[in-house]
Every structure is written in C-alpha cells, then in structure tokens.
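I have placed the structure first, in the form of structure tokens, so that the comments after it can refer back to it.
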Amino acid sequence: MSARPTAAHRTPRAARPLRVRRSGEASFEISFKDLRIDLRAHRVWRAGQEVALTPREYALLETLWRHRDTALTRGELLADAWGYGYIGASRTVDVHINRLRRKLGLAREIQTVFKVGYRLSAAG
C-alpha cells in the first residue's frame, strides 16, 4: 500500500507555498523580473517601489502568473479574475491587460496570442 496521497487528496499547486524559508516559515512571495508580488497582502513592487493595482488588475496578474507560459482566452481570464458570474464585454480584459503592461513594465512578457488571448511568458 502506498503512503502517497491520491490526486483527489493533494493540495492544489496554486494553494501551496512557492518556497520555504530556512526557519520553516512558508513564503507567499513571487519574484519575477524586477517585480515582487506578495500573495497574502495582494501587493506588488516594481524595482523596489510599490505599484498600486486595482483588485481586478491584481487578480488578473495572479491568474496570468499561475498559468504562466500558457495561452488563456479572454473568457478564461474573465472567469478566473472576475468570477464566473461576471457578465461583461471581453474587451474589459484588453483594457486591464494594457494597464498591467504599462504599470508593471511587462509589455514583452504579457504577450497577445493571436485569435486566442494572452500569455505571461516567464522567459520574457
């Protein structure tokens, strides 16, 4: 009999700490390019300066990060960042993507995928 947990009993990857500090305390921070993202406090810093993001911009950034290097449709981004009950134009995503690109300096990293949607490229 195996002691490994089954797929149904595993903690989802997005809920796990990204790295563990030596003290054993879990870290919920992401470092990417010149960005630092605090997943617990929902705060973002660029080159050491805090960047003010709206709750939707933050949710969109977190969604892109969790699915980095994967093309997501506007519908998938709306469902994840806005919630399944959101009824609105998919162009809303385009506006928020452009704001994220500008505020965070991620014009090259947040890529438009023709006839699909958007992808956050971890490689840049």
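Numbering-wise, the numbering used here puts 585 at position 81 of the sequence shown, and it's gapless, one number per residue. By construction, the Cβ of each residue, glycine as well, lies at the ideal position given by its N, Cα and C atoms.
Cβ separation of residue i and residue j, assumed to be a contact under 8 Å, to the nearest whole Å
i	j	result
L565	L604	6 Å
W586	R570	Not a contact, Cβ separation roughly 15 Å.
R544	E554	Going by Cβ atoms, the distance from R544 to E554 rounds to 15 Å, so no, they are not a contact pair.
R540	A626	Not quite, the Cβ-Cβ distance comes to about 15 Å (not below 8 Å), so this is no contact.
Residue i in three-state terms, based on DSSP
i	result
I614	strand
D598	helix
L576	strand
H513	Low local confidence applies: a pLDDT of 42 at H513 is under 50, so the model's placement there is unreliable, with the coordinate-based value given in what follows. In the structure shown, H513 sits in a helix (DSSP, three-state: H, G or I).
Y622	strand
R550	strand
L462	Outside the shown range of the chain, which is 505 to 628, sits residue 462, and nothing can be said about it.
A627	coil
Contact set for residue i: own chain, Cβ-Cβ below 7 Å, skip 5 residues either direction
i	result
G609	R550
P509	Because P509 carries a pLDDT of 46, less than 50, the predicted location of this residue cannot be relied on, and the following value inherits that uncertainty. The answer is none, since no qualifying residue turns up.
Distance, residue j Cα to residue i Cα
i	j	result
L624	L581	12 Å
S594	T567	16 Å
D538	I591	34 Å
S535	D542	9 Å
Q615	D598	11 Å
G621	R578	5 Å
R601	A556	At residue 601 the sequence reads Ile, which differs from the Arg that was named. Each residue's Cα considered, the two are about 15 Å apart.
A583	G552	31 Å
V617	T558	24 Å
Y562	K607	11 Å
T596	A611	18 Å
Y588	K619	22 Å
Cβ-based neighbour list, residue i, same chain, cut-off 8 Å, excluding 5 preceding and 5 following
i	result
T574	R623
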